[in-house]
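Per the working numbering, the sequence shown starts with residue 249, numbered consecutively.
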Amino acid sequence: MSAGATADENSLTEGELVRPMFRLAWPLVVIQLLQVAYNVGDTLWLGALSPAAVGAVSLAFPLLFLLIAVGSGFTTAGAILIAQHTGADSDEDGIIAGQTLSFISLVAVGLGILGYLLSDPMLAALPSDPDTEAAIIPLAAEYLEVFFLGLPSVFGFFVFVALMRGYGNTRAPMRVMFISVIINVAIDPLLIFGVGPLPRLEVQGAAVATVISRAIATAIGFYLLYYTDTGPAIKASHIRPRLEYVREITRLGVPTAFEQSMTALALVAMMAIVVTFPAEVVTAYGLGNRLVSLAFLPALGMGQATDSIVGQNLGAGMADRAKRAVWIAAGVIGSIMFVAGVLAFLLPEPFVSVFLTAEAEGRAATIDYGVTYLRFSAVAFVFMGVMQVVQGAFRGAGNTKTALAFAVLGLWVVRVPVTYILAFVLDWGPTGIWAGVVIGDIVGAIAATAWFTRGTWTESIVDETSETDSTDAASATAGEAGTVGPDREAETRTESKTGTAAETDAEPDPTPDSESFAE
């Protein structure tokens with residue numbers, strides 16, 4: 249087979265679509281699996297310590313995610329820009345990657361300091377059951393303080409994964425993530441229980457292990473970006489912040505950061521409702537979310553692959569191919585999530601009980617609540633999967649405001665108020681929490697998919713064409729050295745008027761990446 253044939257088989261913009269889609273997606277699924285392995289490892293060892301330790305990390309997560317969400321929006325912007333410039337055969341991917349790295353590094357340092365200072369006030373602001381306040385909140389504060397101090401190392405790896413995803417190389421970050429998980433799993437019990445000369449850090453030990461392993465992963469990722477041809481070619485000169493590039497990153501990143509922040513705030517609001525119940529409910533809620541995130545891995549991976557595929561194809565002027573890729577991805581993920589939902593509904597108890605091995609008070613009640621929550625969640629698995637793919641399409645097109653709108657709809661218009669009404673007004677108790685989560689997921693998915701079928705996710709970028717063209721003309725006069733999106737985007741926007749392409753616009757638009765980090 250010729251080199252050219254091989255290149256075509258791997259291309260996201262030429263030739264067969266399904267095979268390169270899965271080649272891009274499966275390492276992302278593995279990365280998500282390895283991400284959950286971090287959390288599962290922590291949960292298993294902390295579950296052997298006490299249910300309160302598991303509840304502390306569950307309580308800490310939404311607050312941690314709140315600040316991480318800000319940075320993740322800008323990493324997504326970097327991935328979008330890299331993908332569209334790669335599809336358009338631009339030579340600016342290296343400087344875009346460098347600018348993303350330097351900008352987010354500064355953001356991570358600031359957020360780490362802010363999070364460390366606000367850990368206690370944020371936890372104190374949560375209304376809580378007296379038992380929860382005494383047993384769980386102090387442990388959550390210990391976990392948060394350590395994690396926030398190590399936030400730059402965590403962000404560094406997120407940036408590496410996002411840039412490589414936009415470039416179309418997902419295997420390298422998968423391998424780096426594997427190394428990081430092995431390190432985390434190895435040192436987790438040593439630091440939690442204080443093996444040998446090491447101190448017994450308990451909940452703090454889980455945070456220290458994660459920070460150390462992520463720091464090593466970040467170092468490896470930066471080496472690959474700077475000293476190999478694995479991804480975008482970054483030079484030292486690319487790191488110096490340049491206003492025109494930072495403006496493009498923030499133009500796309502702010503709506504995504506706001507979307508992720510709204511998601512995080514919704515999780516905090518949900519936790520504020522949950523902590524008014526006994527500690528067993530708090531632990532079951534956090535444990536259920538971790539189990540759902542495990543089943544959710546294929547959807548997260550395919551959603552992230554979708555934003556790269558859509559970005560590259562729209563950058564290359566092939567909107568029809570981008571649409572076809574989204575429908576293929578949605579069909580595959582819908583089928584996979586249906587099977588996962590059936591298993592979770594029929595066999596919930598083994599999945600829940602495996603994480604609570606310590607024979608402590610409240611274990612049986614926690615398992616009962618967790619089983620109920622998992623059964624409720626299983627009903628929405630298909631909707632959650634399709635939602636991730638559709639949101640990935642919006643982001644890949646640069647329509648980050650659309651993803652924001654549907655995140656707000658599903659979480660703030662539906663999930664949070666419905667949960668409050670069911671749990672307190674109608675006095676459903678914990679059942680109202682489980683039902684509210686599911687209703688929000690279903691409504692958000694149906695609305696996002698209906699909007700996607702209208703096709704306006706590729707047309708909305710035309711709205712800013714005239715304004716951007718003026719900017720592009722001025723930029724072209726000034727020269728090419730300092731321009732990022734504007735010069736290249738002008739070409740793509742012009743093509744989009746014919747209905748054949750879309751570019752990196754911040755019109756309507758996750759995830760984590762995050763929801764990649766989520767749970």
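Heads up, the beta-carbon is just placed ideally off N, CA and C, and yes, glycines get one too.
- The continuous alpha helix (DSSP H) containing Glu507 extends over residues Leu491 to Val522.
- If you check the CB distance, Ile557 and Gly680 do not come in under 8 Å.
- The beta carbons of Leu500 and Ile330 sit about 11 Å from each other, so the pair does not count as a contact at 8 Å.
- Short of 8 Å from the beta carbon of Val433, and not among the five residues preceding or following it, lie these beta carbons of its own chain, in chain order: Ala285 and Gly289.
- Using a Cβ distance threshold of 8 Å, Gly479 and Met370 do not count as a contacting pair.
- In the three-state reduction of the DSSP assignment, Ala564 falls in the coil class, being assigned neither a helical nor a strand state.
- Here the C-alpha atom of Val587 lies approximately 21 Å from the C-alpha atom of Leu535.
- Annotation for His486: no alpha helix (DSSP H) segment contains it, and DSSP assigns it neither H nor E.
- With a beta-carbon spacing of about 12 Å, Leu622 and Thr614 fall beyond the 8 Å limit used to define contacts.
- Shown here, Gly453 sits in a helix according to DSSP, grouped into three states.
- By the 16-neighbour rule on beta-carbons within 10 angstroms, Thr476 is exposed.
- The C-beta of Arg462 has 16 or more other C-beta atoms within 10 Å across all chains shown, which makes the residue buried.
- Membership of Pro421 in the alpha helix (DSSP H) is indicated by the continuous run Arg419 to Phe441.
- In this model, Asn537 and Leu276 are separated by some 20 Å (Cα to Cα).
- Counting the other CB atoms within 10 Å of its CB gives Arg490 a total of 16 or more, which places it among the buried residues.
- Here DSSP, grouped into helix, strand and coil, assigns Ser461 to helix.
- By the CB criterion at 8 Å, Val664 and Val627 fall outside the cutoff.
- Assignment of Val409 by DSSP, reduced to helix, strand and coil, places it in the helix class.
- Here Ala372 is exposed. Its C-beta has fewer than 16 other C-beta atoms within 10 Å.
- DSSP places Trp274 inside the alpha helix (DSSP H), whose first and last residues are Val266 to Leu297.
- A Cβ-Cβ separation of about 4 Å places Ala514 in contact with Leu659 under the 8 Å criterion.
- When DSSP assignments are scanned along the segment 338-372, the uninterrupted stretches of alpha helix (DSSP H) that are 4 or more residues long and fall wholly within it turn out to be 341-372.
- Under the DSSP assignment, Thr679 falls in the alpha helix (DSSP H) whose first and last residues are Pro678 to Thr701.
- In the three-state DSSP reduction, Ile482 falls in the coil class, being neither helix nor strand.
- Annotation: the continuous alpha helix (DSSP H) that includes Ile385 extends over Ile385 to Leu397.
- The beta carbon of Val429 lies closer than 8 Å to those of Leu282, Ala285, Tyr286, Gly289 and Ser461 in the same chain, with the five residues before and after it left out.
- Taking the C-beta atoms as reference points, Ala300 is found no nearer than 8 Å to Gly549.
- Each of Val305, Leu595, Thr504 and Leu297 was checked against the Cα of Ala455, and the nearest Cα belongs to Val305.
- A contact between stretches requires three or more CB pairs, one per stretch, nearer than 8 Å, and the segment 434-449 fails this requirement with the segment 344-364.
- Taking a C-beta distance under 8 Å as the contact criterion, Leu265 and Arg611 do not qualify as a contact pair.
- Distances from the CA of Met585 to each of Val619, Leu595, Leu545 and Gln560 were compared; the closest alpha carbon is that of Leu545.
- 8 Å or more divides the Cβ of Val673 from the Cβ of Gly551.
- Remark: C-beta atoms of Gly321 and Ala592 do not approach each other more closely than 8 Å.
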